[in-house]
Amino acid sequence: MVLLQVIINGLLLGGFYALIGIGFSLVWGVTNIINLAHGAIALLGAYLTYYLFVSIQLDPFLSIPLSFVSIFLFGYMLQRFVMNLVVKAQIFILLILTFGLEIFLVNFMTTFFSADFRSVTPSYAGESLVIGEIVIPYIRLAVFFVCVIFAIAMGLFLDKTWTGKAIKATSLDIEAAMMSGINPAKIYAITFGLGSAIAGVSGTLLTLTQAFSPSIAGGLTLRAFIVSILGGLGRIEGALLGGLILGVVETLSSYLIGESYKNAIAFGLMVLVLVLKPSGLMGRKYYAEVKH
Amino acid sequence: MKRIIIAVILSISLLFAVTAFAEEIVFGAALSLTGKLAKEGTLVKNGYELWKEAVNKKGGIKVGGKNYTVKIIYYDDESDPNRGAKLVEKLITVDKVKLILGPYGSESVFATSAITEKYGAIMVQGGAAADKLYTRNFKNLFGIYTVATEYMDDIIELTKGKSPKSETVAIVYSNDLFSTEVAKGAKRSAEKNGLKVVFYQDYPKGTQDLSTVIVQIKGKNPDIILGCGHFQDTIVMVKQLKDYKVNPKVLGFSVGPTLPDFVNSLKGDAENIFGSAQWTMTLKYKDPVFGSNQEFVKAYKAKYKEDPNYHSAGGTAAAVIFQRAIEKAGSIDDIAKIRAALSSFNEETLYGKIKFDSTGKVTGKGMAVVQIIGGTQKTVFPDYVAETKPIYPKPQWK
Amino acid sequence: MKDKKIILFFLFLAVLIFLPYIVSGYWLRVLTQTFLFASIATGSNIIIGFTGYPAFGNIAFFGVGAYVTGVMTTTYNVPFLVTLPFCALSGFVLAGILGIPILRLKGHYFAIATVGIMETIKEIVDNMVETTGGGMGLTLPIMVGEPEFIYKYFYYVMMLCMLLSVLICYIISRIKIGYALRAIRVDEDAASVMGINTPLYKTLAWAVSAALVGIAGGIYAYWLSYIDPHTVFGGTYPVKMFAMILLGGATTVTGPLIGAFILEIISELVWSKFIAIHGMVLGLLIICIILFIPKGIFETFKGGFSFRKLLNNLRENSL
Chain A
2 MVLLQVIING LLLGGFYALI GIGFSLVWGV TNIINLAHGA IALLGAYLTY
52 YLFVSIQLDP FLSIPLSFVS IFLFGYMLQR FVMNLVVKAQ IFILLILTFG
102 LEIFLVNFMT TFFSADFRSV TPSYAGESLV IGEIVIPYIR LAVFFVCVIF
152 AIAMGLFLDK TWTGKAIKAT SLDIEAAMMS GINPAKIYAI TFGLGSAIAG
202 VSGTLLTLTQ AFSPSIAGGL TLRAFIVSIL GGLGRIEGAL LGGLILGVVE
252 TLSSYLIGES YKNAIAFGLM VLVLVLKPSG LMGRKYYAEV KH
Chain B
219 MKRIIIAVIL SISLLFAVTA FAEEIVFGAA LSLTGKLAKE GTLVKNGYEL
269 WKEAVNKKGG IKVGGKNYTV KIIYYDDESD PNRGAKLVEK LITVDKVKLI
319 LGPYGSESVF ATSAITEKYG AIMVQGGAAA DKLYTRNFKN LFGIYTVATE
369 YMDDIIELTK GKSPKSETVA IVYSNDLFST EVAKGAKRSA EKNGLKVVFY
419 QDYPKGTQDL STVIVQIKGK NPDIILGCGH FQDTIVMVKQ LKDYKVNPKV
469 LGFSVGPTLP DFVNSLKGDA ENIFGSAQWT MTLKYKDPVF GSNQEFVKAY
519 KAKYKEDPNY HSAGGTAAAV IFQRAIEKAG SIDDIAKIRA ALSSFNEETL
569 YGKIKFDSTG KVTGKGMAVV QIIGGTQKTV FPDYVAETKP IYPKPQWK
Chain C
156 MKDKKIILFF LFLAVLIFLP YIVSGYWLRV LTQTFLFASI ATGSNIIIGF
206 TGYPAFGNIA FFGVGAYVTG VMTTTYNVPF LVTLPFCALS GFVLAGILGI
256 PILRLKGHYF AIATVGIMET IKEIVDNMVE TTGGGMGLTL PIMVGEPEFI
306 YKYFYYVMML CMLLSVLICY IISRIKIGYA LRAIRVDEDA ASVMGINTPL
356 YKTLAWAVSA ALVGIAGGIY AYWLSYIDPH TVFGGTYPVK MFAMILLGGA
406 TTVTGPLIGA FILEIISELV WSKFIAIHGM VLGLLIICII LFIPKGIFET
456 FKGGFSFRKL LNNLRENSL
């Protein structure tokens, strides 16, 4: 029974990890940018939510659309006016650029929002669904569903809309995409905007389940890393699966081996997947591989 | 025109006269003003600044019949102990400062005190509680925080003789230096008091999920749960304890309940949680500089428009103790004399009755236990400083 | 031209040798720190710049070296200098073994795998409480002696470490392996077809790189006398290292060293001026380096400084 509870906990946690990973994976797969500032961008969403809650008592779940739109604009501008300038450079140049951005954003947040840990506790926090001995906290369940809904919506967007198809086309063959009239600069910006927006939403949800400060940005980015690698790049369903696996692996290893080993096992698993199946558990060949 | 020139000359000479009269005593501090410890570092700095103003308002530090105006040189170590060490070196060798006020954080004090020790400078710190600081045979390091291994003693003490009786305890801790020592001390203290430790587990620093640990604790159904970690993990733990409906008689944390953000972050869920405090606003101690702890609190509120907490009070207290020792030593630069004055220090300050043992750590000061009651923190133990009686056992989650 | 460069280098060396007798303890420490970064950047450049494998987590071996020295000096009372070959050896062996599977990965995948390795090692060290002190960190014995002496000592030891890294890089660049690595960087498949044993050479390159970084870690540990997993594995080290390599020029022998000097001196000057916002300034600085001088200052400003070159750089990689 405890084991079942632990696995359920892992799945609930995994939903959140998946959301963190989706945006990261999308950006990586399409634009070939490993966005080390991903966690910091997620925190922008978290702060937006926090301040809306504190100032006008806006429920975090209601601030999701606001987070999405505003962080989308931020990401769009960033890609359009900064990242696009170096996007063709060698990959480690891009790595450093995004790390520079991370340092900048984290310090920006520390200066203006302070290094205090924040958290949002709405009145319904702590209520749980109890089935026999199994406890399922409502907030975590809701967070899980929001994550899954976003994953599905993203998948549909990429498959069904013109912009989505253009994103996919660009990611597979940028030259061919350009010839069919797609403006890659714009597509890149939209992709980065979407990736950031989803990060922003995950930041919003983060405020409900834990405490955050600018200093946790790096940890969030690392989770996104693992999720993307486990699932395979650029693939929404891959990130979803990767997130769930990571969540369950963490809680299970914590239960079976020891809480303090869970990170070591998560990272070890990532390295193992990289070595054995670099394209991820659900991966097919994707842009990043074709190019390099 | 002439008049203006005269006025300028006069004011310049006046300026010279003033600076010539008031001699300076210079302290140095390399604190974390940015990075992950920016908050605590800034609070400690606030404490130092408040002390400086109070002392200078009174005419400065009196040594050998002379008044010295206090000046403090600050540097930012960016929460990096190595950088802190480098900056303390700069303070000592470039700025020629030998009186060092400590940084915040055990790692930083660890690294920087190695430098002060090497150069024969002296450090008084109100920012680190690790026991390991005092096992290195350093002569020139004095600390006013009750050490980590004694952190939980008073919470455990509080449960004695209460009914219904508490018999079992679960201890969970973050695997960093400070928290590990707190947990070790808590375990020792619990066993000494006849409690059974049914769960003892560490978790990675800054973890974002403790659900598995909580589920395991739930299986043991302990009377007391003690969390030894930092603010971030404390919040996660409280939220998840409530999620999984774990209801101990006592829920206590080493870090968290004493900070105002605790109630802001958790709202009603913070109710009845215990915390250990180096210091609280309501302690009734006298103080040589401010008159009393209450006066200190008033002065702090007036200057910073917020309540002081133990970080800032620790900064002020460390500086006050430093000052008293220098005055007693009768010298502003004889390190040996100042050290002797600190070693034999025995005075009441806003932080409590301060005495140091031969290793430089404070002894017999103890911790105050606070409990969140009605959305504010109340000092509930030990009895002689308590504002109100503790609520025991902790009511179930709403 | 060639001679001029060598003369310049030795002049620079002579200045460094006599500097401790002129500057203060603080600046000695700044310089020692700069040497440290120069060693890490130069050592890492063998795999990053020469071979073209972006080992973002190369700092893992720095941590390993630090802990080798830490554990040997505390648990086994081994003299400090004796531990350094072991630091090199452990880096060499570890990278040699890990390199066989990991170096099959390319580009981003390799970069991320190295980060994964770094984090895994960090977590393992974090959990080996008995030997490493875990998250509590490890206190090394403090060197006895006058502070003046100790600081000069570490200054020279760290300088030697830096010179060793430069020397080995120089040698590598002149012998067969250097040409092999260059071939791998330009086109690995072609190199393989030409009969170059690419797995062997790149593994060797990584192992040597790890050994050099490991020595730097060992010296760092004894110098600081306190290490903990969170500071020696990661932090801002990887990004600083990369920024230095880029600034000075990735494919050259002395580029990373020059990059280290420039960046350390700049950040030294920057944060004493902007205490409150220096983090933001550092972030912006790195962004600007990437945007405007991604090829390093020497390559970019070969024929003198001009704004047009900066803009050209910007245009070259933009979409």
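Residue numbers (the numbering used here), protein chains in the order written: chain A, 2 to 293; chain B, 219 to 616; chain C, 156 to 474. Positions of the beta carbon are idealized from the N, C-alpha and C atoms, including for glycine. Treat the numbers as computed from the prediction; the structure is a model and nothing was measured.
In the three-state scheme derived from DSSP, where H, G and I count as helix and E and B as strand, B:Asp420 is classed as strand. Collapsing the DSSP output to three states places C:Ser473 in coil. If one requires a minimum length of 4 residues, the alpha helix (DSSP H) runs lying completely within the region 21-58 of chain A are 39-57, in chain order. Every alpha helix (DSSP H) stretch that sits fully inside the region 300-364 of chain B and reaches 4 residues is listed by chain position as 324-337. Interface annotation, C:Gly290: in contact with chain B, CB-CB separation under 8 Å.
By the beta-carbon neighbour count (other beta carbons within 10 angstroms, threshold 16), A:Phe146 is exposed. In the three-state reduction of the DSSP assignment, B:Leu469 falls in the strand class, which pools E and B. Annotated three-state conformation of B:Asp294 is strand, per DSSP.
With contacts defined by Cβ atoms closer than 8 Å, C:Leu446 and A:Val87 form a contacting pair.
Of all alpha-carbon atoms in C:Ala365, C:Ala346, C:Leu336, C:Thr294, the one lying nearest the alpha-carbon of C:Tyr356 is that of C:Leu336. Neighbours of B:Leu444 in chain A, taken as residues whose beta carbon is under 7 Å from its own, are absent, since the nearest beta carbon is some 16 Å off. Contact annotation: the region 212-221 of chain C touches the region 368-380 of chain C, with at least three C-beta pairs closer than 8 Å.
Taking C-alpha positions only, B:Val342 is separated from B:Phe245 by approximately 11 Å. Contact between B:Asp427 and A:Glu251 holds, with the beta-carbon distance rounding to 7 Å and staying under 8 Å. In the three-state reduction of the DSSP assignment, A:Tyr77 falls in the helix class.
Only those residues of the region 326-346 of chain B whose C-beta falls short of 9 Å from the nearest C-beta of chain C are listed: Phe328, Ala329, Ala332, Ile333, Glu335, Lys336, Tyr337, Gly338.
Under the Cβ criterion of 8 Å, B:Leu484 is counted among the residues facing chain A. Under the 8 Å criterion on CB atoms, A:Tyr256 is classed as non-interfacial with respect to chain C.
Cβ atoms of B:Val468 and B:Ile442 come within 8 Å of each other, at about 4 Å. Three or more Cβ pairs drawn from the region 444-452 of chain B and the region 414-430 of chain B lie within less than 8 Å of each other, which places the two stretches in contact. Counting only Cβ-Cβ distances below 7 Å, A:Val272 has contacts in chain C at Ala268, Gly271, Ile272, Thr275, in chain order. Under the DSSP assignment, B:Ser392 falls in the beta strand (DSSP E) whose first and last residues are 386-392. With a 10 Å radius around the Cβ and a threshold of 16 neighbouring Cβ atoms, B:Glu307 comes out buried. Around C:Ala196, the same chain offers Met396, Met399, Ile400, Pro411, Ala415 as residues with beta carbons nearer than 6 Å, after the five sequence neighbours per side are excluded. Residue contact check for A:Val144 against chain B: no CB pair falls below 8 Å. In terms of Cα proximity to A:Ile150, the closest of A:Val202, A:Ser229, A:Tyr139 is A:Val202. With respect to chain C, the C-beta atom of A:Thr171 has no partner C-beta closer than 8 Å. The beta carbon of B:Thr452 sits no closer than 8 Å to any beta carbon of chain C.
When Cβ-Cβ separations below 8 Å define contact, A:Gly101 makes contact with chain C. Against chain B, the CB of A:Ala200 has no partner CB under 8 Å away; the residue lies outside that interface. For B:Gly283, the secondary structure class from DSSP, reduced to helix, strand or coil, is coil. Against chain B, a Cβ distance below 8 Å from A:Pro185 picks out nothing, because the smallest value is about 36 Å.
DSSP assignment within the region 203-288 of chain C yields the following whole alpha helix (DSSP H) runs of 4 residues or more, N-terminal first: 214-230, 235-257, 262-282, 284-287. For C:Tyr381, the neighbours in chain B by C-beta distance under 8 Å run, in chain order, Pro299, Glu325, Phe328, Ala329, Ala332.
Nearest to B:Ala272 by alpha-carbon distance, out of B:Lys257, B:Ala366, B:Ser510, B:Tyr322, is B:Ser510. Taken in chain order, the complete alpha helix (DSSP H) segments of 4 or more residues contained in the region 308-350 of chain C are 331-341, 343-348.
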